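For the first sequence, counting from 1, position 490 maps to 843 in our numbering; every step adds exactly one.
Glycine residues also receive a C-beta, built at the ideal position from the N, C-alpha and C atoms.
This one's a predicted model, so the numbers in the text were calculated from it and none came from an experiment.
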Amino acid sequence: MAETQQASQTLPTIEIYNTLSHKKESFQTVSPGKVGMYLCGPTVYKPSHIGHMVGPVIFDTVKRYLVYSGWHVTWVVNITDVDDKLIAESAARGMSMADLAREMTTDYLDNLAALGVDGIDEMPKATDHIDGIIAFIQGLVDKGFAYAADGDVYFDVTKDDDYGKLTNRTVEQTQGEGGSTADRKRSPADFALWKQAKPGEPSWESPWGPGRPGWHIECSAMSGALLGKHFDIHGGGLDLVFPHHENEIAQSESLHGCPMATYWMHNGLMQAAGAAGKVGGRPRDGGADPADQAATKISKSTGAEPFKELLSRHRPEAIKLLLLSTHYRSPIHFGEEPLGESARALEAFERLFARYERLGGPSFYGLPTRDRQAGTAALADLAADVSEEVSALRTRFLEAMDDDFNTAIAVASLFDFVRLTNKFIDSHGLEKAPQPADRQALDAIMLVLRELTGTLGLFLAPPVATGGSADEALVGSLMDLVIELRARARKAKDFATADLIRDSLGEAGIQLEDRPDGTGWSKK
RNA sequence: GGCGCCGUAGCCAAGUGGCUAAGGCAGCGGAUUGCAAAUCCGCCAUCGUCGGUUCGACUCCGACCGGCGCCUCCA
Numbered sequence: 354m355a356e357t358q359q360a361s362q363t364l365p366t367i368e369i370y371n372t373l374s375h376k377k378e379s380f381q382t383v384s385p386g387k388v389g390m391y392l393c394g395p396t397v398y399k400p401s402h403i404g405h406m407v408g409p410v411i412f413d414t415v416k417r418y419l420v421y422s423g424w425h426v427t428w429v430v431n432i433t434d435v436d437d438k439l440i441a442e443s444a445a446r447g448m449s450m451a452d453l454a455r456e457m458t459t460d461y462l463d464n465l466a467a468l469g470v471d472g473i474d475e476m477p478k479a480t481d482h483i484d485g486i487i488a489f490i491q492g493l494v495d496k497g498f499a500y501a502a503d504g505d506v507y508f509d510v511t512k513d514d515d516y517g518k519l520t521n522r523t524v525e526q527t528q529g530e531g532g533s534t535a536d537r538k539r540s541p542a543d544f545a546l547w548k549q550a551k552p553g554e555p556s557w558e559s560p561w562g563p564g565r566p567g568w569h570i571e572c573s574a575m576s577g578a579l580l581g582k583h584f585d586i587h588g589g590g591l592d593l594v595f596p597h598h599e600n601e602i603a604q605s606e607s608l609h610g611c612p613m614a615t616y617w618m619h620n621g622l623m624q625a626a627g628a629a630g631k632v633g634g635r636p637r638d639g640g641a642d643p644a645d646q647a648a649t650k651i652s653k654s655t656g657a658e659p660f661k662e663l664l665s666r667h668r669p670e671a672i673k674l675l676l677l678s679t680h681y682r683s684p685i686h687f688g689e690e691p692l693g694e695s696a697r698a699l700e701a702f703e704r705l706f707a708r709y710e711r712l713g714g715p716s717f718y719g720l721p722t723r724d725r726q727a728g729t730a731a732l733a734d735l736a737a738d739v740s741e742e743v744s745a746l747r748t749r750f751l752e753a754m755d756d757d758f759n760t761a762i763a764v765a766s767l768f769d770f771v772r773l774t775n776k777f778i779d780s781h782g783l784e785k786a787p788q789p790a791d792r793q794a795l796d797a798i799m800l801v802l803r804e805l806t807g808t809l810g811l812f813l814a815p816p817v818a819t820g821g822s823a824d825e826a827l828v829g830s831l832m833d834l835v836i837e838l839r840a841r842a843r844k845a846k847d848f849a850t851a852d853l854i855r856d857s858l859g860e861a862g863i864q865l866e867d868r869p870d871g872t873g874w875s876k877k
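This is the structure:
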């Protein structure tokens, strides 16, 4: 990746909403010019669904924008490959935990690749960090923050003065994981750092006997190992705020005696409209109402479909656009309808890209991406009136991103950008009598559009061509013939024949477009 | 019961104490076109309800109604 490195004094001021302080704060890094960012990744026990992709897409954009703005960013996403759910699932499927983890990790990586999430620098696996995890726990025990009980080790929340600070709750207000281990704990809110292995379960040797890490501890250990005791951004879904992130803070800050992360960023959760039933949460008094049809979060309990199945019906770009059209902290209404709308909206961009190529421009996808300098230079080449408009939209885009990564406004400015560009092409007659100066101006405009879309991670690669096969080539030459025959009919004013051809093709799913420079066709 | 979030046009979704309340999808009218498609132009919301603060609130405060998340596994 060509990262634009700039002197730190030119870094823009970015505001980030911090869950810890419940407000936006100006972004200040621990080390000048450098950003350490950690995102809680998946527990790899089943195929990932759309919910697992929200964080990666959002934080991919965050990283892109920070890099674009001049920071050097290290982004870590963990893979939790040891956990009760993995043990249960692998047993059910009659395979080893490691094999299950490998299979599901591959699935996860495939999905990230499909979405163009390519900025992750490290993906540590919990099982590769068992020694570090044990040392971490031992440190907590030595400092008196944790205690061993029957082969388990628990974190003692009463020893941590500010336990609950992330979610504004007291030790008394948390009920803790109950169940069979409850009687080993000193307080109900204490949580497991190390779990004793039952016979037949995967285990590692430890000072407390064979066992495995509890949930939470792997993130504390691995983020510390890879990003340091105090790093800049810790992210995850809103559902992880409690208990996961609260407990990470408790572990890391108790051991290290310094803040774990400066900024805690949480993305909103996917909502499935019309999904029935309550997901998780304690039943409230008044109780289960059968007419419970409102939007609910997508999660394992609602049986969200595997992401790969979703990809068989929807293009990754449409999914990305939908995610970025909503502010990252808001819930996202997800479903076939919104995805379809998103895909239709996407076409406005792609038609412009195609139009640009027809006018002799290069492929939009090949233009330099997220290059601030190139964008600024392109702007300087434009005539004053156009430059002003383009510049205003670019500024709107950048200011939106500076303000807590407001991709919804950024995307909106992109749609305005498309309109501006089409208008430029129309008003300067570029399809009829192109002037060299106007063509150059169009190049500059497209360069700025590329700069901005690249910053969001949109339009990284051309839509996957369905063709390439011999059949496709055949269809292509047949279409050339049909279009030629129709052109002759039109020239002879035989519009009945021309329209018959167009209507018949339409019924066959092919859309014709008569343009000043010829007739184009596309599949509907 | 505790902690927190939300309620903006037909649908989705930004945003703001006073200036035209972004953008998308859908719809309507127009330009363009042989007719379409695409493109462009225009139209389409007073911001859940009721009170309060204020010269002025959709934006701040309160109550109420409705919805959602977390408090147990969850991206």
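Give the DSSP-derived three-state secondary structure of residue i in the structure shown.
{"i": "Val435", "result": "coil"}
{"i": "Ala625", "result": "strand"}
{"i": "Gln604", "result": "helix"}
{"i": "Phe544", "result": "strand"}
{"i": "Tyr370", "result": "strand"}
{"i": "Gly719", "result": "helix"}
{"i": "Phe380", "result": "coil"}
{"i": "Met878", "result": "Residue 878 is absent from the structure shown; the chain starts at 354 and stops at 877."}
{"i": "Ala657", "result": "coil"}
{"i": "Leu593", "result": "helix"}
{"i": "Asp484", "result": "helix"}
{"i": "Ala786", "result": "coil"}
{"i": "Pro566", "result": "strand"}
{"i": "Val510", "result": "helix"}
{"i": "Asp495", "result": "helix"}
{"i": "Lys673", "result": "helix"}
{"i": "Thr363", "result": "helix"}
{"i": "Asp503", "result": "coil"}
{"i": "Phe927", "result": "Lying before the first or after the last residue shown, residue 927 is absent from the chain, which here runs from 354 to 877."}
{"i": "Leu580", "result": "helix"}
If you compare alpha carbons, which of the options is closest to residue i?
{"i": "Gly589", "options": "Ser607, His583, His569, Gln604", "result": "His569"}
{"i": "Lys650", "options": "Glu368, Arg855, Ile403", "result": "Ile403"}
{"i": "Lys844", "options": "Met832, Pro612, Gly871", "result": "Gly871"}
{"i": "Met476", "options": "Ile602, Asp515, Thr433, Asp513", "result": "Thr433"}
{"i": "Glu710", "options": "Ile778, Arg682, Leu732", "result": "Ile778"}
{"i": "Leu746", "options": "Ser766, Gln864, Lys538", "result": "Ser766"}
{"i": "Glu368", "options": "Phe758, Ser683, Arg704", "result": "Phe758"}
{"i": "Ala501", "options": "Trp547, Lys478, His609, Leu674", "result": "Trp547"}
{"i": "Met575", "options": "Thr760, Ile836, Leu827, Ala488", "result": "Ala488"}
{"i": "Tyr718", "options": "Ala731, Phe702, Ala730, Lys661", "result": "Phe702"}
{"i": "Gly610", "options": "Ser374, Asp452, Arg855, Gly492", "result": "Gly492"}
{"i": "Asp791", "options": "Val739, Ala826, Val835", "result": "Val739"}
{"i": "Lys399", "options": "Ala454, Phe412, Val435", "result": "Ala454"}
Does the separation of the CB atoms of residue i and residue j fall below 7 angstroms?
{"i": "Ala545", "j": "Asp505", "result": "yes"}
{"i": "Thr372", "j": "His597", "result": "no"}
{"i": "Gly728", "j": "Glu804", "result": "yes"}
{"i": "Leu712", "j": "Glu670", "result": "no"}
{"i": "Ser605", "j": "Ser573", "result": "yes"}
{"i": "Glu571", "j": "Leu519", "result": "no"}
{"i": "Pro560", "j": "Gln624", "result": "no"}
{"i": "Thr850", "j": "Tyr421", "result": "no"}
{"i": "Ala603", "j": "Tyr516", "result": "yes"}
Within the continuous alpha helix (DSSP H) that includes residue i, where are the two ends?
{"i": "Phe768", "result": "760-780"}
{"i": "Val739", "result": "737-755"}
{"i": "Ile798", "result": "789-809"}
{"i": "Arg697", "result": "689-711"}
{"i": "Thr850", "result": "848-860"}
{"i": "Arg417", "result": "403-421"}
Can you tell me where the beta strand (DSSP E) holding residue i begins and where it ends?
{"i": "Tyr461", "result": "Unbroken run through Tyr461 is the alpha helix (DSSP H), 450-467; no beta strand (DSSP E)."}
{"i": "Gln526", "result": "It is not in any beta strand (DSSP E) - Gln526 carries neither H nor E in the DSSP assignment."}
{"i": "Gly728", "result": "Gly728 -> not in any beta strand (DSSP E); alpha helix (DSSP H) instead, spanning 725-733."}
{"i": "Leu838", "result": "Leu838 -> not in any beta strand (DSSP E); alpha helix (DSSP H) instead, spanning 823-844."}
{"i": "Lys478", "result": "Element bounds for Lys478: n/a, residue is neither H nor E."}
{"i": "His619", "result": "614-620"}
{"i": "Lys876", "result": "871-876"}
What I want to know is whether the C-beta of residue i ends up closer than 6 angstroms to one or more non-hydrogen atoms of the ligand FAD.
{"i": "Pro659", "result": "The ligand FAD is not among the ligands present in this structure, which contains no ligands whatsoever."}
Q. If you pair each beta-carbon of the region 381-390 with each one of the region 572-586, do three or more pairs fall below 8 angstroms?
A. Taking 8 angstroms as the limit for Cβ pairs, the verdict is that the region 572-586 does touch the region 381-390.
Q) Contact between the region 465-481 and the region 413-429: three or more CB pairs below 8 angstroms? A) By the Cβ rule, the region 465-481 counts as touching the region 413-429, because three or more pairs are nearer than 8 angstroms.
Q.
Between the region 722-737 and the region 413-421, can you find at least three pairs of beta-carbon atoms closer than 8 angstroms?
A. Between the region 413-421 and the region 722-737, the count of C-beta pairs closer than 8 angstroms reaches three or more; the two stretches touch.
Q. Is it a yes or a no for the region 806-818 touching the region 657-672, going by three-plus beta-carbon pairs under 8 angstroms?
A. As far as the Cβ criterion goes, the region 806-818 touches the region 657-672, which means the pair count is three or higher.
Q) Does the pairing of the region 608-617 with the region 453-465 give three or more beta-carbon distances under 8 angstroms? A) No, the region 608-617 is not in contact with the region 453-465.
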